[in-house]
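J.: The number in the numbering used here is simply the position in the sequence shown, starting from 1, with 15 added.
For glycine and all other residues, C-beta sits at the position ideal for the given N, C-alpha and C.
If you scroll down you'll find the structure; I have some questions about it.
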Amino acid sequence: MSIDTTPRLVSVAGPSLLGFGCMRFTLLPGSQAIDEEQACALLAYAYDHGVNYFDTAWGYHEGKSEQFVGRALQRYPRESYYLASKMPGWLLQDLAGAKELLAKQLQRCQVKYFDYYLLHSLTTQEEFERLYLKENVLDYLREQKQAGRIGKLGFSFHGSLDFMKYLLANQSWDFVQIQLNYQDWHTMQAAQLYELVVEKYKLPCIIMEPLRGGALANLNEEGAAILKEASPQSSLASWGMRFVATLPGVMCVLSGMNDIKQLQDNLKTFAEPRALNAREQETLQKALQAYLKLSPIPCSACNYCMPCPFNVDIPGNFRAYNKCAGKRLLEAMHEEEKKQEFLELWQQIAPESLPDKCSSCGACLSKCPQHIDIPERMLELKELLRQAG
């Protein structure tokens with residue numbers, strides 16, 4: 016009988032620093048159904064090792080995540096964990112719809128209250144004002160907080176710096192959830208958003224996409240080699256997790272763990288998170304530059320763009336492209352062996368879901384938190400596959 020040597024997180028009065036993101040559970044083969052046996056085992060292992068924050072949402076796993084998480088957490092005392100869910104404003108038209116949705120979410124999760132409740136993926140001031148101000152939905156949510164159905168009220172964010180300034184200056188919030196990782200810190204506006212939330216407004220900060228949908232745990236060969244040479248015993252993921260976990264003001268870091276090895280690795284990192292020293296920061300930047308040199312498509316595989324009306328597997332196609340770029344297959348297509356390796360990566364996607372099925376309808380554009388021009392990129396991938404035969 017093997018002994019479990021994975022460390023337990025230090026107990027804290029509040030959410031654990033490592034939170035369990037419930038958007039990326041493993042699916043049953045050939046199905047969109049959650050592999051509940053495996054997912055239950057992972058949630059139980061996480062809980063037993065000190066993870067007490069679980070983050071779900073209305074649309075995760077096509078609406079199945081809330082129901083599953085609610086069932087899975089029933090075995091534990093309600094006061095022993097923190098449950099977060101979110102209101103998808105883009106699906107709602109008025110206050111009546113918001114009231115109905117919140118009631119359904121509580122019912123799905125089999126709870127009387129959410130510890131943390133978020134306005135999901137705020138992107139534009141116009142959309143925020145349309146529903147939350149003009150329809151008085153924000154006032155209603157604050158009433159629900161007073162009534163005990165919501166513990167803390169905040170929002171997750173995918174908008175501009177000016178929009179964040181507007182939200183923080185004009186409304187009162189309990190916390191903010193932002194996308195932050197060592198790539199976005201330098202290439203997007205993550206550093207400025209973090210400074211606004213934590214340093215100027217002194218709000219607790221929850222971090223999503225600390226590894227950009229797993230991309231930073233699967234760097235190209237050159238980037239991975241730089242990190243492995245610096246610390247052979249450390250996983251690529253641990254570098255990214257240490258970068259975010261040790262930032263002041265970070266309350267919780269969400270990770271969508273769908274494998275026991277990922278979970279154990281994160282637990283080891285978060286049991287005693289160590290800030291990156293100056294040399295490690297420099298090493299991480301070298302690895303990042305090696306990765307970005309290959310121009311990966313900045314998809315975090317959040318699946319917000321799915322389902323596609325024409326059945327295109329948008330995240331799957333972007334993932335295949337990034338793997339090809341990371342392996343430097345794109346510039347070696349004249350070599351038969353490289354060409355075959357390229358085609359094998361794309362053969363993992365069903366023929367009816369390849370880029371040539373994209374009609375450029377644009378239905379995905381407003382849904383992408385990374386603001387990728389998906390139809391344009393699909394045209395590029397279509398041409399790439401045509402050239403590869």
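Three-state secondary structure (DSSP) at Gln192?
T.: The answer is strand: DSSP assigns Gln192 an E or B state.
J.: Please report how far the alpha carbon of Gly402 lies from the alpha carbon of Leu396, in whole angstroms.
T.: For clarity, residue 402 is Gln in the given sequence; the question names Gly instead. Going by the C-alpha atoms only, they are around 10 Å apart.
J.: Strictly by DSSP, which residues pair up with Ala54?
T.: Ala54 is not bridged to any residue.
J.: Any contact of the segment 375-387 with the segment 351-358, i.e. 3+ C-beta pairs under 8 Å?
T.: At 8 Å Cβ cutoff, the stretches do not touch.
J.: Residues in its own chain within less than 7 Å of Glu77 by CB, not counting five upstream and five downstream?
T.: These residues qualify, in order along the chain: Gln47.
J.: Could you name the residues of the same chain whose beta carbon sits closer than 7 Å to that of Pro263, not counting the 5 residues immediately before and after it, in chain order?
T.: Around Pro263: Val213.
J.: In angstroms with no decimal places, state the Cα-to-Cα distance between Val327 and Arg343.
T.: If I take the Cα positions, the gap works out to 25 Å.
J.: Under the three-state reduction of DSSP, which class applies to Ile241: helix, strand or coil?
T.: In this structure, Ile241 counts as helix in the three-state DSSP scheme.
J.: Going by DSSP, what residue range makes up the beta strand (DSSP E) through Asp130?
T.: Element bounds for Asp130: Phe129 to Leu137.
J.: Tyr97 and Tyr62 look like a contact to me (Cβ under 8 Å); what is the Cβ gap, rounded to whole Å?
T.: So it is not a contact: roughly 11 Å between Cβ atoms.
J.: Report all residues from its chain with a CB closer than 7 Å to the CB of His135; omit the five preceding and five following residues, and keep chain order.
T.: Ala72, Lys101, Met102, Pro103, Gly104 and Ser171, listed in sequence order.
J.: Just to confirm before moving on: does the CB-CB distance between Leu251 and Leu234 stay below 8 Å?
T.: Cβ distance < 8 Å, so Leu251 and Leu234 count as in contact.
J.: With burial defined as no fewer than 16 other Cβ atoms inside 10 Å of the residue's Cβ, what is the status of Val191: buried or exposed?
T.: Classification for Val191: buried.
J.: Alpha helix (DSSP H) containing Cys323: first to last residue?
T.: Taken as a continuous stretch (DSSP letters only), Cys323 belongs to no alpha helix (DSSP H), as it is neither H nor E.
J.: In the structure shown, what three-state DSSP assignment does Gly78 receive?
T.: Three-state result, Gly78: helix.
J.: Kindly identify the DSSP beta-bridge partner or partners of Asp70.
T.: Asp70 is bridged to Gly36 and Ala99.
J.: Span of the alpha helix (DSSP H) holding Cys124?
T.: From DSSP, the alpha helix (DSSP H) with Cys124 extends over Leu110 to Cys124.
J.: Start and end of the alpha helix (DSSP H) containing Gly166?
T.: Counting along the chain, Gly166 falls outside any alpha helix (DSSP H), though it belongs to the beta strand (DSSP E) covering Ile165 to Phe172.
J.: I think Leu231 touches Tyr197, with their Cβ atoms under 8 Å apart; what is that distance to the nearest whole Å?
T.: Contact holds; Cβ gap of about 7 Å.
J.: Give me whichever residues DSSP pairs with Cys267 in a beta bridge.
T.: Bridge partners of Cys267: Ile221.
J.: Can at least three beta-carbon pairs, one atom from the segment 266-276 and one from the segment 168-184, be found at a separation below 8 Å?
T.: No, the segment 266-276 does not touch the segment 168-184.
J.: Do you know how far the Cα of Glu52 is from the Cα of Gln122?
T.: In a straight line, the C-alpha of Gln122 is about 22 Å away from that of Glu52.
J.: Tell me which residues share the same chain as Asp454 and place their Cβ nearer than 7 Å to its Cβ, disregarding the 5 neighbours each side in the sequence.
T.: Beyond the ends of the chain as shown, which are 16 and 404, falls residue 454; an answer cannot be given.
J.: Ignore the nearest five residues each way along the sequence and tell me which others in Ile487's own chain have a CB closer than 7 Å to its CB.
T.: The structure shown does not extend to residue 487, since the chain spans only 16 to 404, so no value can be given for it.
J.: In three-state DSSP terms, what is Ile389?
T.: Helix, per DSSP.
J.: Among Ala286, Phe178 and Ser187, which has the Cα closest to the Cα of Arg157?
T.: Cα-wise, what sits closest to Arg157 is Ser187.
J.: For the alpha helix (DSSP H) containing Asn281, list its first residue and its last residue.
T.: Per DSSP, Asn281 belongs to the alpha helix (DSSP H) from Ile275 to Ala286.
J.: Round the Cβ separation of Leu117 and Gln159 to the nearest angstrom and send it over; I've been treating them as touching at under 8 Å.
T.: Indeed, because the Cβ distance is near 7 Å, the residues count as touching under 8 Å.
J.: If we count the other Cβ atoms within 10 Å of its Cβ and call it buried at 16 or more, is Asn337 buried or exposed?
T.: Looking at its Cβ environment, which holds 16 or more other Cβ atoms inside 10 Å, Asn337 is buried.
J.: Suppose contacts are defined by Cβ-Cβ distances below 8 Å. Is Ala316 in contact with Gly229 by that definition?
T.: The answer is yes: Cβ separation under 8 Å.
J.: Are there 16 or more other CB atoms within 10 angstroms of the CB of Gln385, so buried, or fewer, so exposed?
T.: With 16 or more other Cβ atoms within 10 Å, it is buried.
J.: Residues in the same chain with beta-carbon distance under 6 Å from Glu398, minus the five sequence neighbours each way, listed in chain order, please.
T.: Nothing listed; no residue qualifies.
J.: If you follow the alpha helix (DSSP H) that Gly255 is in, where does it begin and where does it stop?
T.: Note, Gly255: alpha helix (DSSP H), Leu251 to Ala260.
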